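Residue numbers (the UniProt record's numbering): 2 to 146.
We treat Cβ as the ideally placed atom computed from N, Cα and C, and that holds for glycine.
Bear in mind the structure is a predicted one, so any value in this text is a computation, not a measurement.
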Ligand code: DQA
C-alpha cells in the first residue's frame, strides 16, 4: 500500500527549532526512519513538508488521484486554524492519523483545539518523533486488516 506522510509549517526547522519542545531529530531523520519502516513491511512511503496551506491541500487532492491508502499528518500550526485542510481530508475520504511531537495539552490553550482530531482515525501527541513511528505501525496494521 501507499502511505503519505505530511508535515505542516515550520517542521522543516526540526532539529534546531525549540529543541526542548520538539527534540533534536531532523525532519530528514524522521522521514528516513519511516521510509525504512514502511519498506520493511512491503509498503511505499511518500513524504511532503510544506509551509503553504494550499500545497498541502493540493497534495491531499493528488493523493486521491494516486490511490494513496493512508495519510499520517502533523498539521503543525494549521492544526489550530485550518478548516480548509480538514475539508480536504474529508473530501478525499483517505483515513489519517494526526501526530504532534509535543503534548499540545501541556501547552498554550490555543493549542488544545484541533480541526482534525474528531475526523482522524487516531491522534498521537507528546511522544516526540516516536509518535510518527507508532502512527505508521498503526497505519500498517489497519491496512493489513
Ligand atoms: C505541533 C504542535 C503545534 O501546536 C505547533 O504549531 C507545531 C507543531 C507538534 O508537532 O507538536 O508547529 O504540531
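Ranked by how close their Cα comes to the Cα of residue 144, the residues 38, 70, 84 and 55 have 70 in first place. Of 2, 28 and 3, the smallest CA-CA separation from residue 11 is found for 28. Note that the C-beta distance between residue 125 and residue 105 is not below 8 Å. Fully enclosed alpha helix (DSSP H) runs of no fewer than 4 residues occupy 54-67 of the stretch 43-74, in order along the chain. With a threshold of 7 Å, the Cβ atom of residue 84 does not count as near the ligand DQA, since no heavy atom of the ligand is closer than that. Look at residue 117 here: in three-state DSSP terms it is coil, with no helix or strand label.
Residue 17 and residue 65 have their C-alpha atoms some 33 Å from each other. With a cutoff of 8 Å on beta-carbon distance, residue 127 and residue 98 are scored as not near each other. With a 10 Å radius around the Cβ and a threshold of 16 neighbouring Cβ atoms, residue 23 comes out buried. In the displayed model, residue 24 falls within coil according to three-state DSSP, outside both helix and strand.
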